[in-house]
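In my numbering, the protein residues as written are 61 to 369.
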């Protein structure tokens, strides 16, 4: 966690200190990092020349009001040894946050989750999902009711990803260091399955049970070997009770494990094996993010290029 030296907190309409802002401040204190709190005013949509002038005047008033709120947030939240900078941006929220990240060299974005209206089963709102998909630096989105300290952190890894496309070392490094800092339990999860198993078991390509079992065992062994190599770099083994090699589709397996532990933070990569860096969130990450109720710290591989310019 010491790597983060320039942190951007996206207030997203907040007018009172949130657990996520307090978390950002503690991290800035610990790391001696710069912390900037921003919010974004969206364009006013009234057409016409007179309306345009009114819009400019109204925008100035709204900007002043929002700047005052951010300054009050900073003043009430600040610690003696950390100065909080504030700024109001204008435009589409996720676009302006990503532009700020690229322009200001921020290495972490933190915000509180914004549940979509009428969709209480989903934790993350539209801006949350856009940032998780497209922001070039790690994005940490906290549950609105998150406790000050996590108790159980789940690192979701994919050691089968091609070289250069994976995030596992980032995931493990962040999850393990955060677990130490928070005095939290750490679990590591990897889900595996045999491609085409259903057809091999029941379909036209059905094979004898003993042959299918050999194929399943071979697939599990390959995944276990890759996982063991990753874990070894962090002083763990696949026999550790905190390591979960789960047979099944990745997204439901990770989600179910997070609920069972229960984990209050999932650390994971959010770019799949698309072959087009920067444009597609992985299917596994998308499904996990659409259904989890845990906070998420999401990272991307080194070759990621944000589609936002």
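For glycine and all other residues, C-beta sits at the position ideal for the given N, C-alpha and C.
Check, Outcome
"Which of helix, strand or coil DSSP assigns to residue 253", "coil"
"Distance between beta carbons of residue 68 and residue 161, contact taken as under 8 Å", "6 Å"
"Residue of 350, 215, 227, 219 minimising C-alpha distance to residue 403", "For residue 403 there is no data in the structure shown, the boundaries of the chain being 61 and 369."
"The alpha helix (DSSP H) enclosing residue 216, as first and last residue numbers", "It is not in any alpha helix (DSSP H) - residue 216 instead sits in the beta strand (DSSP E) that spans 212-216."
"Proximity winner among 79, 317, 361, 89, relative to residue 207 (alpha-carbon distances)", "79"
"Nearest-angstrom Cβ-Cβ length linking residue 323 and residue 214, presumed shorter than 8 Å", "4 Å"
"Inter-residue spacing [alpha-carbon to alpha-carbon] between residue 143 and residue 244", "28 Å"
"Whole runs of the beta strand (DSSP E) within the segment 293-351, excluding any shorter than 3 residues", "303-307, 325-329"
"Supposed close pair residue 311, residue 347 - CB separation, criterion 8 Å", "4 Å"
"8 Å Cβ cutoff, residue 311 in contact with chain C", "You won't find chain C in this structure, because it holds only one protein chain."
"Beta carbon of residue 228 nearer than 8 Å to that of residue 290", "yes"
"Residues bridged to residue 172 (per DSSP)", "202"
"Boundaries (first-last residue) of the beta strand (DSSP E) holding residue 147", "144-150"
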